[in-house]
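Convert by adding 7 to the 1-based position in the sequence shown; the result is the number in my numbering. Note that the Cβ used here is the ideal one computed from N, Cα and C, for glycine as well. Everything on this sheet refers to the single structure shown next.
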Amino acid sequence: MGKQARAIVDLSLKDLVKDLNKAYADEWLAFYLYWYMAQIVSGKAYEDIQEFLNKLAKDELEHAGEIADLILKLGDVPIANPMELEKHANAPYMMPPKNTADINRIIRIVTEAEATAIEVYNKIAKKTLGKDHVTYQLVTHILSEEVDHEEIFENLLER
Ligand SMILES: [Fe+2]
Ligand SMILES: [Fe+2]
Numbered sequence: 008m009g010k011q012a013r014a015i016v017d018l019s020l021k022d023l024v025k026d027l028n029k030a031y032a033d034e035w036l037a038f039y040l041y042w043y044m045a046q047i048v049s050g051k052a053y054e055d056i057q058e059f060l061n062k063l064a065k066d067e068l069e070h071a072g073e074i075a076d077l078i079l080k081l082g083d084v085p086i087a088n089p090m091e092l093e094k095h096a097n098a099p100y101m102m103p104p105k106n107t108a109d110i111n112r113i114i115r116i117v118t119e120a121e122a123t124a125i126e127v128y129n130k131i132a133k134k135t136l137g138k139d140h141v142t143y144q145l146v147t148h149i150l151s152e153e154v155d156h157e158e159i160f161e162n163l164l165e166r
């Protein structure tokens, strides 16, 4: 983003980047958690869950990339040290169940993580509405995907 593009951002860039870095940390933790659970899930009908977890993991990694790109455009850098990710995240890392066949627990972990993501992006969208069009556009795009993620896993629970 050039000088003028940054100049039209009607918000504190420092605060905005802080919020974006927190969301960036969330995305990495979600990616790792979903990817990991896709590896370990077992038991009856594990294949469906594995497929959904892999799909979501791929989306979260994409979100991390999109947010990283935006932070760079805003003239800053995303968190460099992976050890720092949990410290900056909006929610603590949720441990996958010890019982790898506990599919209901896995579903609850995902729906809880997605609910947090929806809250986080809703907050950033409200903050940037009319103030930073570029960030607003990205976070509402990500938000709509988190809404889909929540729905996929909520439906699994109701089945
Ligand atoms: Fe995400
Ligand atoms: Fe998600």
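### Query
With DSSP run on the structure shown, which of helix, strand or coil describes PRO89?
PRO89: helix per DSSP, three-state reduction.
### Cβ-based neighbour list, ILE114, same chain, cut-off 7 Å, excluding 5 preceding and 5 following
The answer, listed in chain order, is PHE160, LEU163 and LEU164.
#### Entry: Per-residue DSSP class, three states only, for LYS185
As displayed, the chain neither begins before 8 nor continues past 166, which places residue 185 out of reach and without an answer.
### Task
Return yes when at least one heavy atom of ligand 2 lies under 7 Å from the C-beta of HIS156, else no.
For ligand 2, at least one heavy atom lies less than 7 Å from the Cβ of HIS156.
### Any non-hydrogen atom of ligand 2 closer than 7 Å to ASP33 Cβ
Result no, Cβ not under 7 Å from ligand 2.
### Task
Take ALA96 as the anchor and find which of ALA37, VAL141 and ALA122 has the nearest alpha-carbon.
Taking the Cα of ALA96 as reference, the smallest distance to any Cα among ALA37, VAL141 and ALA122 is reached at ALA37.
### Task
Please name the residue in ALA120, ASP139, LYS134 and GLN144 whose C-alpha comes closest to that of VAL154.
Across the set ALA120, ASP139, LYS134 and GLN144, the C-alpha of ALA120 shows the shortest separation from the C-alpha of VAL154.
### Message
Restricting to Cα atoms, I'd like to know which of GLU34, GLY137, GLU158 and ASP55 is closest to GLU67.
### Response
If you compare the alpha carbons of GLU34, GLY137, GLU158 and ASP55 with that of GLU67, the shortest gap goes to GLU34.
### Message
For VAL117, tell me which candidate among ALA132, ASN61, LYS130 and TYR31 has the shortest Cα-Cα distance.
### Response
The shortest Cα separation from VAL117 among ALA132, ASN61, LYS130 and TYR31 belongs to ASN61.
### Task
Would you give the residue range spanned by the alpha helix (DSSP H) that GLY72 belongs to?
53-80 is the span of the alpha helix (DSSP H), which, as asked, contains GLY72.
### Task
Using the Cα positions of LEU18 and VAL24, report the straight-line distance between them to the nearest angstrom.
Rounded to whole angstroms, LEU18 to VAL24 spans 10 Å at the Cα level.
### Query
Just to confirm, does LEU63 get its C-beta within under 7 Å of one of the non-hydrogen atoms of ligand 2?
Of the heavy atoms belonging to ligand 2, at least one sits nearer than 7 Å to the Cβ of LEU63.
### Task
Give a yes or no on whether the C-beta atoms belonging to LEU79 and LEU27 are separated by under 8 Å.
No.
### Query
Expressed to the nearest angstrom, what Euclidean distance is found between the alpha-carbon atoms of ARG13 and LEU81?
Distance between the alpha carbons of ARG13 and LEU81: 6 Å.
### Query
Roughly how many whole angstroms lie between the Cα atoms of ILE131 and LEU145?
Going from the Cα of ILE131 to the Cα of LEU145 covers about 10 Å.
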